[in-house]
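Undergrad: Chains as they are written, first to last, in the numbering used here: chain H, 18 to 226; chain V, 18 to 226. C-beta atoms are modelled at their ideal positions from N, C-alpha and C, and glycine is treated no differently. I have a structure I would like to understand better, so I am pasting it below and will then ask my questions one at a time.
Number of protein chains: 2
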Amino acid sequence: MNYFRSRVVIVEDNDAVREGFSLIINSVSKYYVVNGYDNAEDAIKNLKKDKPEIILMDLELPGMNGIDAIAAIKKMNPNIDLIVNTIYENSELVFQALCAGAAGYITKNTSHSELLDAIDEVINGGAPMSSKIAKMVVSSFQKNPNSPLSNRETEVLELLSQGKSYSMIAQELFITKETAKSHIKNIYSKLQVNSKSEAIAKATKEKLI
Amino acid sequence: MNYFRSRVVIVEDNDAVREGFSLIINSVSKYYVVNGYDNAEDAIKNLKKDKPEIILMDLELPGMNGIDAIAAIKKMNPNIDLIVNTIYENSELVFQALCAGAAGYITKNTSHSELLDAIDEVINGGAPMSSKIAKMVVSSFQKNPNSPLSNRETEVLELLSQGKSYSMIAQELFITKETAKSHIKNIYSKLQVNSKSEAIAKATKEKLI
DNA sequence: CTAAATTCACCCTGTTTGGGGGAATTTTAG
DNA sequence: CTAAAATTCCCCCAAACAGGGTGAATTTAG
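Following this line, the structure appears as structure tokens:
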């Protein structure tokens, strides 16, 4: 009778929490917790046997950390959807987890029904996120409004970041190469860098472009 | 008695849809639709008078388009939260809207209760997104698994993208400058580019790094 | 085990970039 | 109106980069 239930694996080092999740998830007929692990290594070792469609993953684990585990699992089987479930709302961790391949990221203050909603979401091809996480993710697209660069400088930097040379930039902006160079010099001085790629790196990091 | 109700403005060119939204939003005591517009220009003109906390914005509008309107409104008052409400699930538009400053993005097949939930979400500092949109946004963080580059080449490219020079890359990887150069030449050939910044631009676009 | 791919290394030459100046005109903000 | 910022243009020189070619040791995949 488990033929039509989605297979879920839980990786969570706190036994009480892990067993709690199991009960919640098994309480609905759509899902079925095939196994729970208190570390990533064991979960990975049994991947082929467990054949989960979904993994609920803690980040703070003994031994291999959750981020590396996500990358490893995604490499073994890209079809598995991983939902991070952690106390951390630290932006570094969130982006690392998503880059590693997490499909969703929910924090531990989530209610039982929201946990089940999150699983429903990934099953339906969505990306469940807690409120704060979603905000962080969306904000990461938005430019820094306090850019030290002038409009023209930003325009030049934008073209630089597209891989354009001085002369190509000059052409596109209908100015001479020397003027483009002058803008670039000013950009370097404002950003305190001294090369194209450094400028692009810094501008990307600070969301100036 | 409207003192404690959040002020909402609706920008939507379809009269029936706009009036429908008004009814739904006004049906809950937390919100209050101060005004509805069938174009962005009028909405912007009346921003100071309307003083909305939230704007529900269509993208397909006569005259100024929704993306530019979002940017303009955010520039005038960064505190206003904009929720895009559109039929488009096109990735270009989604990212443009978020880059312009949208706090949320929901598609038009959303139910009345989900619309109200979305407004609740932004009020609480979240970023409401339809399922597909959230997936697109999260996927945008993930690397392309079919990179033509070798591991070493990816490593070199990563350092390039951080603004490092040939010699710095050589140092960090414990190889000679000439070897680093050799890798970079191979990268250029594989990506069909011929400069650092072009390589970075292409690699970023194709999510190779 | 063999072929292919990756990693490493060197040389030479021409182009692009970066750092140092200086200077005029137009816009913007107080 | 006026001072500051932004935008435009120019020159010279040194350093970094790109393109060409060559060759060998080491891993990886079939």
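Whole angstroms are fine: how far does the CA of Gln-179/V sit from the CA of Tyr-54/V?
TA: Sequence index remark: in the second sequence, residue 54/V carries index 37 (1-based). Sequence index remark: in the second sequence, residue 179/V carries index 162 (1-based). Straight-line Cα distance between these residues: approximately 46 Å.
Undergrad: Using the Cβ count rule (16 or more neighbours within 10 Å means buried), how would you classify Asn-31/H?
TA: Taking the first residue of the first sequence as 1, we reach residue 31/H at position 14. Counting Cβ neighbours within 10 Å, Asn-31/H comes out exposed, since fewer than 16 surround it.
Undergrad: For a contact defined as C-beta to C-beta under 7 Å, what are the partners of Met-146/H on chain V?
TA: In the first sequence, residue 146/H corresponds to position 129, counting from 1. Simply Ala-151.
Undergrad: Listed from N- to C-terminal order along the chain, which residues in the segment 111–128 of chain V have their beta-carbon within a distance smaller than 7 Å of any beta-carbon of chain H?
TA: Phe-112, Leu-115, Cys-116, Gly-118 and Ala-120
Undergrad: Indicate whether at least one CB of chain V lies closer than 8 Å to the CB of Lys-160/H.
TA: Within the first sequence, numbered from 1, the residue matching residue 160/H stands at position 143. With 8 Å as the cut-off, Lys-160/H counts as an interface residue toward chain V.
Undergrad: According to DSSP, simplified to helix, strand and coil, what is Val-210/V?
TA: Reading the second sequence from its first residue, position 193 is the one you call residue 210/V. Reduced to three states, the DSSP call for Val-210/V is coil.
Undergrad: Which partner residues of Thr-103/H appear in the DSSP bridge assignment?
TA: Locating residue 103/H in the first sequence gives position 86, where the first residue counts as 1. Beta-bridge pairing links Thr-103/H to Thr-124/H.
Undergrad: Cβ of Ala-218/H less than 8 Å from any chain V Cβ?
TA: Numbered from its first residue, the first sequence carries residue 218/H at position 201. So, interface residue.
Undergrad: Do you know offhand how far Asp-85/V's Cα is from Ile-192/H's?
TA: For the purposes of this step, residue 85/V is identified with residue 68 of the second sequence, where counting begins at 1. For the purposes of this step, residue 192/H is identified with residue 175 of the first sequence, where counting begins at 1. Asp-85/V and Ile-192/H: Cα-Cα distance of roughly 27 Å.
Undergrad: Nearest-angstrom Cα distance between Lys-125/V and Ala-218/V?
TA: On the second sequence, residue 125/V is found 108 positions in, with the first residue counted as 1. On the second sequence, residue 218/V is found 201 positions in, with the first residue counted as 1. Cα to Cα, Lys-125/V sits roughly 34 Å from Ala-218/V.
Undergrad: Where do the ends of the beta strand (DSSP E) carrying Leu-73/V lie?
TA: As a working mapping, residue 73/V is identified with position 56 in the second sequence. Taken as a continuous stretch (DSSP letters only), the beta strand (DSSP E) holding Leu-73/V covers 71–74.
Undergrad: Can you confirm whether Met-18/H, when its beta carbon is compared against all beta carbons of chain V, has any partner nearer than 8 Å?
TA: Residue numbering aside, residue 18/H sits at position 1 when the first sequence is read from its first letter. For Met-18/H, the pLDDT reaches just 49, beneath the cut-off of 50, and the residue's location in the model is therefore unreliable, leaving the point undetermined.
Undergrad: Count the other CB atoms, across all protein chains shown, that sit within 10 Å of the CB of Glu-195/H; report buried if there are 16 or more and exposed otherwise.
TA: Position 178 of the first sequence, counted from the first residue, corresponds to residue 195/H. Per the 10 Å Cβ criterion, exposed.
Undergrad: Would you mind sorting Glu-109/H into buried or exposed? The rule is 16 or more other CB atoms within 10 Å of its CB.
TA: Counted from its first residue, the first sequence places residue 109/H at position 92. Answer is exposed; the Cβ neighbour count stays below 16.
Undergrad: Grab me the residues of Met-144/V's own chain with a C-beta within less than 8 Å of its C-beta, minus the 5 sequence neighbours each way, in chain order.
TA: Residue numbering aside, residue 144/V sits at position 127 when the second sequence is read from its first letter. The residue you asked about is not Met; residue 144/V is Ala in the sequence shown. Answer for Ala-144/V: Ala-120, Gly-121 and Glu-138, listed in chain order.
Undergrad: Counting only the same chain and skipping the five closest in sequence on each side, list residues whose C-beta sits under 8 Å from that of Glu-170/V.
TA: For the purposes of this step, residue 170/V is identified with residue 153 of the second sequence, where counting begins at 1. Cβ neighbours of Glu-170/V beyond the five flanking positions: His-200, Asn-203, Ile-204 and Lys-207.
Undergrad: Distance check for Ile-150/H and Val-111/H, CA to CA, integer angstroms please.
TA: Residue mapping note: residue 111/H aligns to position 94 of the first sequence, counting from 1. Residue mapping note: residue 150/H aligns to position 133 of the first sequence, counting from 1. So the alpha carbons of these two residues sit roughly 7 Å apart.
Undergrad: Quick check on the DSSP output: the beta strand (DSSP E) that includes Ser-23/V runs from which residue to which?
TA: By 1-based counting over the second sequence, the position of residue 23/V is 6. Start and end: 23–28.
Undergrad: Closest to Tyr-48/V by CA distance: which of Val-34/V, Asn-168/V, Gln-113/V and Leu-73/V is it?
TA: Residue 48/V sits at position 31 when you count from the first residue of the second sequence. The shortest C-alpha separation from Tyr-48/V is found at Leu-73/V.
Undergrad: Among residues of its own chain, excluding the 5 on either side of Val-25/V, which ones have a beta-carbon nearer than 8 Å to its beta-carbon?
TA: Within the second sequence, numbered from 1, the residue matching residue 25/V stands at position 8. Only Ile-42, Tyr-48, Tyr-49, Val-50, Val-51, Pro-69, Glu-70, Ile-71, Ile-72, Leu-73 and Ile-136 meet the Cβ criterion.
Undergrad: Roughly how many angstroms separate the alpha carbons of Met-93/V and Lys-65/V, rounded to a whole number?
TA: Looking up residue 93/V in the second sequence gives position 76. Looking up residue 65/V in the second sequence gives position 48. Each residue's Cα considered, the two are about 9 Å apart.
Undergrad: Round the Cβ separation of Gly-80/H and Glu-58/H to the nearest angstrom and send it over; I've been treating them as touching at under 8 Å.
TA: Residue 80/H sits at position 63 when you count from the first residue of the first sequence. Residue 58/H sits at position 41 when you count from the first residue of the first sequence. That pair is a contact at about 6 Å.
Undergrad: What separation, rounded to the nearest whole angstrom, lies between the Cα atoms of Val-173/V and Lys-213/V?
TA: In the second sequence, counting from the first residue as 1, residue 173/V sits at position 156. In the second sequence, counting from the first residue as 1, residue 213/V sits at position 196. Looking at the two C-alpha atoms, the distance is approximately 11 Å.
Undergrad: Excluding the five sequence neighbours on either side, which residues of its own chain have a C-beta within less than 7 Å of the C-beta of Ile-90/H, listed in chain order?
TA: Looking up residue 90/H in the first sequence gives position 73. So the qualifying residues of the chain are Ile-61, Leu-64, Ile-72, Ile-97 and Leu-99.
Undergrad: Please report the straight-line C-alpha distance between Ala-220/V and Arg-35/H, rounded to a whole angstrom.
TA: Indexing the second sequence from 1 puts residue 220/V at position 203. Indexing the first sequence from 1 puts residue 35/H at position 18. One C-alpha to the other measures close to 40 Å.
Undergrad: For the segment 128–143 of chain V, which residues have a CB atom closer than 8 Å to at least one CB atom of chain H, in sequence order?
TA: Answer in chain order: Glu-138, Asn-141, Gly-142 and Gly-143.
Undergrad: Could you check the C-alpha separation between Phe-158/V and Val-210/H for me, to the nearest Å?
TA: Taking the first residue of the second sequence as position 1, residue 158/V is located at position 141. Taking the first residue of the first sequence as position 1, residue 210/H is located at position 193. Answer to the nearest angstrom: the Cα atoms are 26 Å apart.
Undergrad: Leaving aside the five residues before and after Ser-23/H along the sequence, list all residues of the same chain whose C-beta is less than 8 Å from its C-beta, in chain order.
TA: Locating residue 23/H in the first sequence gives position 6, counting from the first residue. Cβ within range, chain order: Lys-47, Tyr-48, Tyr-49, Glu-70, Ile-71, Ile-136 and Ile-140.
Undergrad: How many angstroms separate the CA atom of Leu-166/H from the CA atom of Leu-176/H?
TA: Taking the first sequence and counting its residues from 1, the one referred to as residue 166/H is at position 149. Taking the first sequence and counting its residues from 1, the one referred to as residue 176/H is at position 159. Near 14 Å, if we compare the C-alpha coordinates of Leu-176/H and Leu-166/H.
Undergrad: Please confirm if Pro-95/V has its CB atom under 8 Å from at least one CB of chain H.
TA: Locating residue 95/V in the second sequence gives position 78, counting from the first residue. Cβ-Cβ to chain H under 8 Å: yes for Pro-95/V.
Undergrad: Would Ile-27/V and Ser-39/V qualify as a contact pair, given that the criterion is a beta-carbon distance under 8 Å?
TA: On the second sequence, position 10 is the one that residue 27/V refers to. On the second sequence, position 22 is the one that residue 39/V refers to. For Ile-27/V and Ser-39/V, yes; Cβs fall inside 8 Å.
Undergrad: From Val-154/H to Glu-106/H, what does the alpha carbon distance come to, in whole angstroms?
TA: The residue you call residue 154/H lines up with position 137 of the first sequence. The residue you call residue 106/H lines up with position 89 of the first sequence. If you take the alpha carbons of Val-154/H and Glu-106/H, they lie about 11 Å apart.
Undergrad: What are the boundary residues of the beta strand (DSSP E) that includes Gly-53/H?
TA: To locate residue 53/H, count along the first sequence from 1; it is residue 36. Taken as a continuous stretch (DSSP letters only), the beta strand (DSSP E) holding Gly-53/H covers 48–54.
Undergrad: Say whether chain V places a C-beta atom closer than 8 Å to the C-beta of Lys-213/H.
TA: Position 196 of the first sequence, counted from the start, is the residue given in the question as residue 213/H. Yes, its Cβ sits closer than 8 Å to a Cβ of chain V.
Undergrad: Along chain H, in chain order, which residues have C-beta atoms closer than 7 Å to that of Leu-99/V?
TA: Position 82 of the second sequence, counted from the first residue, corresponds to residue 99/V. Within 7 Å Cβ-Cβ: nothing; Leu-99/V doesn't reach chain H, min ~11 Å.
Undergrad: Would you list the one or two residues that DSSP bridges to Asp-98/V?
TA: Here residue 98/V corresponds to residue number 81 of the second sequence, with the count starting at 1. The partner list for Asp-98/V (beta bridge, DSSP) reads Ile-71/V.
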